[in-house]
C-alpha cells in the first residue's frame with residue numbers, strides 16, 4: 000500500500016511511509032510542547048500556525064495539512080449532524 | 005629523436021614541465037616528438053635533460069576480464085587510460101612519446117607533485133611507459149615551482165627503492181575501483197532487473213558522505229519549531245544606547261514572559277556588577293588545504309573544488325607553495341624575510357610587508373603536520389595576469405601569511421549584570437585595544453567591536469524600551485559545500501585531495517542539489533536501501549578503518565596487498581546482502597528515481613488554487629515549455645511562460661512581492677533567479693525601465 004502523502008510504501012497503521020510516520024510523531028510531540036508554551040492552544044490553530052512557519056519541516060507540513068483537512072471535515076460533519 | 009644519453013624528467017603537468025625545464029638551465033628548447041607531444045630539452049648541472057609531462061593519471065585500474073556487467077569484480081590490474089576510455093586517445097600519444105624518449109635515456113628523474121597522487125602518477129609512468137625504471141629513477145622533491153627550489157631539489161634528488169607513498173596511492177586506486185565498480189553494478193543491475201536502465205553509483209567515500217546529507221535532511225524535514233520568547237531591554241546611559249538581554253536566553257512559556265514584562269514595566273535599570281577582562285587573541289594558523297577551502301568559501305563563496313583548482317593554478321604559476329597539504333606549519337627554511345622582501349615590491353603589500361620586516365619573525369602555527377609539504381604560503385614571485393578569482397585567492401593567501409607573523413591582538417571584554425524591577429539582564433561588549441595581527445587580515449577578519457558606555461556598579465540606566473519577541477527554534481542548517489567538507493574532515497572520510505571531488509560527484513549523480521545542499525528522493529532511497537541490506541557501505545566506521553589502513557601503508561605498518569584483501573572481504577559481504585535483496589532494492593530505487601525526476605519538474609505550490617503544484621510542461625502544439633498547475637483537470641488554469649533555454653530549478657521559496665514560486669535558470673556559469681509570475685510587479689517595473 001502507498002503512503003497517503005507520497006509515493007513510498009506505507010509502513011504504519013496511519014497509512015504513512017516511515018518518513019511521514021516519523022513526521023506524524025514529531026507533530027504530536029510538538030503539540031505537547033506548544034500547549035506547555037502557550038498554556039493552551041487549539042489543535043487547528045497549532046496546525047495552521049505550523050503551516051505558516053518557514054522553519055517547519057516539509058514532511059511535518061505534509062502531515063499537518065492532512066490532519067487539518069481531517070479536522071475540518073470532522074467539524075463540518077459535526078455541524079451537519081447537529082443541524 | 006634526441007641523441008641518447010640524456011636524463012628523462014617526468015612531470016605531472018605541462019605547466020610544471022615548462023617551469024622545471026627553465027629552472028634546470030638557461031636555454032630551453034621546446035620540441036615536438038611523436039604525435040606532436042611537446043617536450044623540453046635543456047642542458048643543466050647533471051648533463052642534458054629532456055623534460056616531459058603527463059596530463060594527470062595516464063594509467064588506471066580496470067577489470068582484467070573486461071566485462072561490462074556482472075559482479076563481483078575482484079581481479080583487477082593497471083591499464084593505460086586510453087585502453088579503457090576511448091575518449092582519452094591523447095593519453096595513448098603521450099605514453100608512446102614517453103616510451104620513445106625512455107629508450108634513449110641514460111637516467112630518469114621523477115618530478116611529479118610530491119604527494120600520494122603525484123607519486124602514483126610518476127611511479128606508473130616509470131614502471132609501465134619507461135620499462136620498469138620506478139626503483140632506479142631519482143626523485144626530486146619540492147613544495148614550490150620557483151627556480152631556486154627546483155634547482156635545489158634536483159641537486160638533492162635520490163632514488164627511492166621502497167616507495168611506500170606510491171604503494172599507498174596505488175592501493176587506494178585499487179580499493180576505490182573495487183568498491184565503486186562493484187557497488188555501482190550491484191545498484192544498477194538491481195535497478196535494471198525489471199527493465200529500464202540507469203547507472204547508479206556509490207563509492208567508498210560517497211556512501212557515508214551521502215548518509216550525512218540524508219540524515220541532516222531528515223532532521224530538517226521532521227522539524228517542529230517550538231516557540232520561545234526572547235526578552236531584551238534597550239538601555240540609555242547619557243545618550244549612549246545599548247541592548248541588554250534577560251538572563252534566561254529562551255523563555256519557554258508565554259506566562260513567564262508576560263510576568264517579566266509586567267515586572268519590568270516602569271522600572272529603571274540598575275548596574276549590579278561589572279566585569280572587565282582582557283583577552284589575548286592569537287593570530288590565525290597558516291593555511292592547509294582544508295582551512296583555505298573553508299576561508300575562501302566564507303569570504304568569497306568559492307566552492308571547495310573551485311578553491312582547489314584556483315590554488316593549483318597559482319601553484320603552477322609558482323606564486324604559492326603546493327596546496328594539497330595538511331600542514332599548518334611554516335618552517336624557517338622557506339625564507340620568511342626573502343618572501344616578505346619580495347612582496348614589498350607590490351604596492352598593495354608594501355606597508356604591511358615593510359612593517360613585518362622590522363620585527364623578529366616567528367609564525368603562529370597550528371598542530372596539523374604533513375611529512376611532505378609545509379602549509380600554503382606565497383613564494384614571493386610577483387603575480388602577473390591573474391584573473392579576478394585567482395587574484396582574490398592569492399590576496400587571501402598573502403594576507404593570511406602576513407597575519408600568522410602578527411602579534412597577539414588585545415581585546416577588552418566587558419560584561420555587566422543589570423537589574424530591571426527584580427529581573428536580571430546581562431550585557432556584553434567587546435572592543436579592540438591593540439590590533440596586532442588583525443591589521444594584516446582586516447579585509448577578511450570577521451572580528452567586530454561592539455563597545456559599551458563606561459558602566460559602574462550602582463549606575464542608573466533609563467529603559468528606553470522593553471521588547472518581548474516570540475521566536476521559534478530553528479532546524480539544523482543544511483550543509484553547504486564548506487560545512488560538508490568540514491564534516492568529512494571531522495569524520496576522517498576521504499583525503500584532503502579527494503573530498504571536494506566526492507562532493508562534486510554527488511551533484512553530478514543527481515543525489516544532491518542546490519548550494520544549501522538538499523538530498524533528492526533518489527539519495528533517500530539509496531541510503532535507505534544500503535542501511536537495510538548492506539549497512540557497512542555507508543558506515544563511517546568502516547570507511548575510516550580503510551582510510552587508516554591506507555595511511556598505514558605510507559608508514560610501512562601494513563602492505564598494500566593486505567589492505568586490498570581486507571577491503572575486498574568487507575566488500576564481498578556487503579555485495580551478498582545486496583544480491584539477496586536485488587528485486588526489492590531495485591523496485592525501491594526505481595520508484596525513487598522516477599519520483600526524483602518528477603520532483604525536478606515541480607517548481608512550487610500553485611498560488612491560485614493553493615492545492616496543486618506548478619509543473620514544467622511542454623506545449624503539444626509548439627513544443628515550448630511552460631508552467632501549468634497539476635490541478636488543471638480540476639479546473640485550475642494557473643500557467644506561466646518559461647525561458648526556453650537553460651535548466652530550470654526550483655529555489656524552494658516564494659517571491660516576496662507576489663508569492664509565486666521563484667526559480668533559478670541555469671545557463672552558463674551563473675544561475676539567473678526569477679519569479680515565475682509574468683505579472684509580478686518586479687517584472688513590470690523591469691519592462692517599463
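Protein chains in written order, with the working numbering: chain A, 0 to 82; chain B, 5 to 693.
Each residue gets a CB set at the ideal place from its N, CA and C atoms; glycine is no exception.
Integer-rounded CB distance, given that residue j should sit under 8 Å from residue i
i              : j              : result
residue 141(B) : residue 102(B) : Not really, about 13 Å apart at Cβ, beyond 8 Å.
residue 29(A)  : residue 259(B) : Not really, about 19 Å apart at Cβ, beyond 8 Å.
residue 88(B)  : residue 124(B) : That pair is no contact at about 17 Å.
residue 121(B) : residue 501(B) : 6 Å
residue 436(B) : residue 368(B) : Not quite, the Cβ-Cβ distance comes to about 18 Å (not below 8 Å), so this is no contact.
residue 117(B) : residue 193(B) : The pair is not a contact, with the Cβ atoms about 38 Å apart (cut-off 8 Å).
residue 149(B) : residue 322(B) : 4 Å
Beta carbon of residue i nearer than 7 Å to that of residue j
i              : j              : result
residue 527(B) : residue 11(B)  : no
residue 274(B) : residue 430(B) : no
residue 667(B) : residue 607(B) : yes
residue 578(B) : residue 541(B) : yes
residue 415(B) : residue 285(B) : yes
residue 77(B)  : residue 86(B)  : no
residue 225(B) : residue 56(A)  : yes
residue 496(B) : residue 548(B) : yes
residue 268(B) : residue 459(B) : no
residue 697(B) : residue 357(B) : Any property of residue 697(B) remains undetermined from this structure, which presents chain B solely from 5 to 693.
residue 503(B) : residue 240(B) : no
residue 113(B) : residue 161(B) : yes
residue 442(B) : residue 449(B) : yes
residue 154(B) : residue 25(B)  : no
residue 307(B) : residue 478(B) : no
residue 147(B) : residue 325(B) : yes
residue 217(B) : residue 422(B) : no
residue 83(B)  : residue 186(B) : no
residue 332(B) : residue 370(B) : yes
Residue i - partner residues in DSSP beta bridges
i              : result
residue 436(B) : 415(B)
residue 285(B) : 413(B)
residue 678(B) : 667(B)
residue 64(B)  : 83(B)
residue 651(B) : 670(B)
residue 684(B) : Paired residue(s): none; residue 684(B) is not in a bridge.
residue 112(B) : 12(B)
residue 476(B) : 231(B)
residue 424(B) : 273(B) and 427(B)
residue 465(B) : 273(B)
residue 45(B)  : 33(B) and 54(B)
residue 471(B) : 236(B)
residue 13(A)  : For residue 13(A), which the question treats as bridged, DSSP gives no partner whatsoever.
Chain-ordered chain A contacts of residue i [CB-CB under 7 Å]
i              : result
residue 262(B) : Per Cβ cutoff of 7 Å: no residues; residue 262(B) is ~10 Å from chain A at best.
residue 266(B) : Near residue 266(B) there are no residues of chain A at all, since even the closest Cβ is about 16 Å away, more than 7 Å.
residue 599(B) : 6
Chain A residues whose Cβ lies nearer than 8 Å to that of residue i
i              : result
residue 227(B) : 25, 54, 55, 56 and 59
residue 595(B) : 6 and 7
residue 476(B) : 52 and 54
Neighbouring residues, chain B, relative to residue i (Cβ below 8 Å)
i             : result
residue 21(A) : 222 and 226
residue 49(A) : 228 and 229
residue 43(A) : By Cβ distance, chain B contributes nothing, its closest Cβ being about 16 Å from residue 43(A), past 8 Å.
Chain B contact residues for residue i, given Cβ-Cβ distances below 9 Å
i             : result
residue 36(A) : 230, 231, 232, 233, 256, 257 and 258
residue 14(A) : Neighbours of residue 14(A) on chain B: none; closest Cβ ~17 Å, over 9 Å.
Chain-ordered neighbours of residue i on chain B, where CB pairs are closer than 7 Å
i             : result
residue 32(A) : 230
residue 77(A) : Those within 7 Å of residue 77(A) in chain B number zero; the least Cβ separation is about 23 Å.
Per-residue contacts from residue i into chain A (C-beta, under 9 Å)
i              : result
residue 479(B) : 54, 55 and 56
residue 253(B) : Near residue 253(B) there are no residues of chain A at all, since even the closest Cβ is about 15 Å away, more than 9 Å.
beta-carbon residue i near the ligand MN non-hydrogen atom, thresh 6 Å
i              : result
residue 477(B) : Of the ligands one can find in the structure shown there are none, so the ligand MN has no counterpart to examine.
Minimum Cβ-Cβ distance from residue i to chain E less than 7 Å
i             : result
residue 43(A) : This model lacks chain E altogether, as its protein chains are A and B.
Segments assigned alpha helix (DSSP H), at least 4 residues, entirely inside the segment 491-535 of chain B: Within the segment 491-535 of chain B, the alpha helix (DSSP H) runs of at least 4 residues that lie entirely inside it are, in chain order, 503-512.
Residue ranges of each beta strand (DSSP E) within the segment 574-642 of chain B, 3 or longer: Complete beta strand (DSSP E) runs here, min 3: 606-609, 617-622 and 629-633.
Uninterrupted alpha helix (DSSP H) stretches inside the segment 235-271 of chain B (no shorter than 4 residues): For the segment 235-271 of chain B, whole alpha helix (DSSP H) runs of length 4 or above, ordered along the chain, are 258-268.
Contained alpha helix (DSSP H) runs [length at least 4] in the segment 272-327 of chain B, N- to C-terminal order: You should have 293-304 and 308-320.
Completely contained alpha helix (DSSP H) runs for the segment 328-405 of chain B, where each covers 4 or more residues: As far as the segment 328-405 of chain B is concerned, its whole alpha helix (DSSP H) runs of at least 4 residues are 340-347 and 351-361.
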